[in-house]
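2 protein chains.
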Amino acid sequence: MTSPSTDRERFLAACRRQPLPGRPPGWVMRQAGRYLPEYRAMREGKSFLDMVHAPELVAELTCQPLRRFDMDAAVIFCDILVPPAAMGLEVEFVSGQGPVVRPPVRNARDVERLRDFDPLEATGFLAEAIRLVRAELGAGKAILGFCGAPFTVASYMIEGASSRNFENAKAMMAGDPALFRKLLARLVDNQIPYLGMQVEAGADVLQIFDSWGGTVDAATYRELLLPEMQRLVAGAKATGAPVICYLNGAHHLLEVLAETGADVLSIDWRIDPAEAIARVGSRVALQGNLDPCTLFAPPDVVRRETRRVLDAFAAQEGYVFNLGSGILPKTPVESMQTVFDELRAS
Amino acid sequence: MTSPSTDRERFLAACRRQPLPGRPPGWVMRQAGRYLPEYRAMREGKSFLDMVHAPELVAELTCQPLRRFDMDAAVIFCDILVPPAAMGLEVEFVSGQGPVVRPPVRNARDVERLRDFDPLEATGFLAEAIRLVRAELGAGKAILGFCGAPFTVASYMIEGASSRNFENAKAMMAGDPALFRKLLARLVDNQIPYLGMQVEAGADVLQIFDSWGGTVDAATYRELLLPEMQRLVAGAKATGAPVICYLNGAHHLLEVLAETGADVLSIDWRIDPAEAIARVGSRVALQGNLDPCTLFAPPDVVRRETRRVLDAFAAQEGYVFNLGSGILPKTPVESMQTVFDELRAS
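Residue numbers (the working numbering), protein chains in the order written: chain L, 173 to 518; chain U, 173 to 518.
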């Protein structure tokens, strides 16, 4: 095994399960986020979509955490609802309430009305932002592009808002599976070129966020969601970039997810690393899985728990350090420093 | 095997894993709830705690669903935060926001300040309500009493409000496990006599709601939560009533939960029934697990999915039909009729 000469190469080698001497690469979901005072200062008074559409601001937010912490990758500041907006829906981020999508997609006419978009034309701001990030970071750091998984994005489109239970999405899945499949297919048709644009602009790795896929049982996931997920992953991998698949609360889905074709599965803290390694570790790389709540504990606990996670994954060929889900807005900044100090010391 | 002569006996036999000819017993979590127009009419303009403290109103709400549907058990209308209120905390249910607990319990002094309560003195309204329900239902139907599990109740006390992530509770668990254990112990000390009072007043079965326990990994659950959970279950079982333990999103915890001593584990729709039967079905009875979202689908789908769940659990000795979590407020009433028609036809 040859030691990678940059953090970017280290990150790519881990995703590809190449033998890697020394520490694993690491980053943190939502690392460009509210826990950083410089993020809050920059977001002050601006709407989420104003930010997303301004490449200079996006590049600034994306690079902020890398100026503080010695992480291996930047994740582009964006949102999984950018594609639905480009497909003609009105997407608004309401403070304290989350995203609102209008009109909700509930029937065949609503699905027909969605338009296919040309990624550069409709979302070229994202390509521009990625180019600016590359210009700042150079070739030494990896850049992560992303999109939402079909179910997760569709659930926002169908519910029209954040939901705890997804009753409308699940009612469509159970009551009109053909229409539901059609909606997923429309999304995947549009997201494949959207991911292609991100890689073209400079993204090295693509993460697919299936934030709500864990609310579906394994048989239903396999039957209704897996085929379009596989198509999306295959389309993403055709760019040459490794693909990470993220799910939350998906202990029951590990084997199904290993069939998506993703290079890496991102798992949460509820899954014991040794069990994940035993169940799917020979087929995919793993990413995770420190509980983001741990970062609210004193520094010695943060250090101990980071170490415990790193040790637990030491046996895994192909491992990327991360939290088990996004960093929480009120996380003390010092905890992130402790985490990355420990990672670099490993 | 002798056929039970009442719904109540059927329910108790299933909890005790006694051989049972014919259909399984069934009820629905939150069956006395917002999906019923008569519930909404009665709650109009009254605060949640006003209701809970009025035995006649509680009895009325508790009996409402049994007048419509042929279910085997009534579950007393109450809340898991009644004990923390009796321990001296201010508990308020804020519309659209959930419960608020003041002051939050964050340090040793806060835990010391909690007072032990005499259940009849502080929560006698609940005993009175149970007696009224028994008077209306007679001996033919089972009555379920309940309380929250130590972690779930403690998380509200520590956070001071509903939380998505429980960062304060988990920071205390990781940072000061001795204090966290002490808080759980204080809760259990008070909840055992509180459950005893419910059985004394007429409750036949006790359910312990660990609604948020599924957010904890198995090793932490086993080390920090299981001992107090076992003590609570043992105290509850000492009343002679069977004990049901409810968790949500707990695919990773099934074996740990089977060690609580509970007679019945209530599982959600993400757990495949065949897998639950294989993993723990020889040690405990099972309850569940129709996805509450299914009730938003057309009647033929509701019927088919209810049938699928009943068939899937046919092999389990000791089974109680239920949803995988509480019925949702906007559920069409007709779906409940369909579910219970199908259960009775089985």
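All residues carry an ideal CB built from backbone N, CA and C; glycine is no exception.
One thing to note: L:CYS465 has its Cβ no nearer than 9 Å to the Cβ of U:PHE249.
Taking C-beta atoms under 8 Å as the contact rule, L:GLY312 and L:GLN370 fail to qualify, at a distance of about 19 Å. What U:PRO470 touches in chain L, judged by beta-carbon distance under 7 Å, is GLY347, going in chain order.
Counting along the chain, the unbroken beta strand (DSSP E) around U:GLY320 starts and ends at 314-320.
If you compare the alpha carbons of U:ASP251, U:LEU515, U:ARG202 with that of U:GLN236, the shortest gap goes to U:ARG202. Rounded to whole angstroms, the separation of the alpha carbons of L:ARG239 and U:SER383 is 40 Å. Under DSSP, L:ILE416 takes part in a beta bridge, and its partners are L:GLN379, L:VAL436.
When secondary structure is reduced to three states using DSSP, L:LEU458 falls in the strand class. When C-beta distances to chain L are compared with 7 Å, the residues of the region 411-441 of chain U below that value are GLY421, HIS423, HIS424, TRP441, in chain order. Of the residues U:LYS502, U:ALA422, U:LEU378, the one whose Cα lies closest to the Cα of U:ALA413 is U:LEU378.
Cβ neighbours of L:SER327 within its own chain (closer than 7 Å, five residues either side excluded): SER335, PHE338, ALA341, TRP384. For U:ASN494, there is no enclosing alpha helix (DSSP H); the enclosing beta strand (DSSP E) covers residues 491-495.
Membership of U:GLY347 in any beta strand (DSSP E) is not indicated; the residue belongs instead to the alpha helix (DSSP H) covering 339-347. Across the set U:MET259, U:VAL492, U:ARG303, U:LEU298, the C-alpha of U:MET259 shows the shortest separation from the C-alpha of U:VAL325. Against U:LEU208, chain L offers no close residue; the least beta-carbon distance is about 17 Å (beta-carbon pairs closer than 7 Å).
Judged by DSSP secondary structure, L:ALA258 falls within the alpha helix (DSSP H) whose first and last residues are 254-258. L:ALA333 is not a Cβ neighbour of L:PRO255, given a cutoff of 9 Å.
Closer than 9 Å at the C-beta level to chain L, one finds no residue of the region 359-385 of chain U. Shown here is that no member of the region 245-261 of chain L has a Cβ falling below 8 Å from a Cβ of chain U. Contact of U:LEU500 with chain L by beta-carbon distance below 7 Å involves ASN337, GLU339. By the CB criterion at 9 Å, U:GLN190 and U:GLY490 fall inside the cutoff. With contacts defined as CB atoms closer than 9 Å, U:PRO445 and U:ALA484 qualify as a contacting pair. A Cβ-Cβ separation of about 6 Å places L:HIS423 in contact with L:ARG442 under the 8 Å criterion. For L:GLY270, the uninterrupted beta strand (DSSP E) segment begins and ends at 270-274. Within chain U, not a single residue places a beta-carbon under 8 Å from that of L:GLU331; the smallest gap is close to 11 Å.
L:CYS319 has its alpha-carbon roughly 41 Å from the corresponding atom of U:VAL492. Here U:THR503 is buried, its C-beta having at least 16 other C-beta atoms within 10 Å.
About 17 Å separates the CB atoms of L:VAL405 and L:ILE439; that is not less than 8 Å, and the two are not in contact. Within 7 Å of the CB of U:ILE443, the CB atoms of chain L belong to HIS424, in sequence order along the chain. In the DSSP assignment, L:ALA469 falls outside any alpha helix (DSSP H), carrying neither H nor E.
Three or more Cβ pairs drawn from the region 285-304 of chain L and the region 210-228 of chain L lie within less than 8 Å of each other, which places the two stretches in contact.
Residue contact check for L:ALA280 against chain U: no CB pair falls below 9 Å. In terms of CA proximity to L:GLY205, L:GLU216 leads the group L:THR432, L:GLU308, L:GLU216.
Within chain L, ASP444 have C-beta atoms less than 9 Å from the C-beta of U:ALA391, given in sequence order. In this structure L:LEU482 does not touch L:VAL474 by the C-beta definition: roughly 13 Å separates them, more than the 8 Å allowed. With three or more CB-CB distances shorter than 8 Å, the region 415-431 of chain U counts as touching the region 446-456 of chain U.
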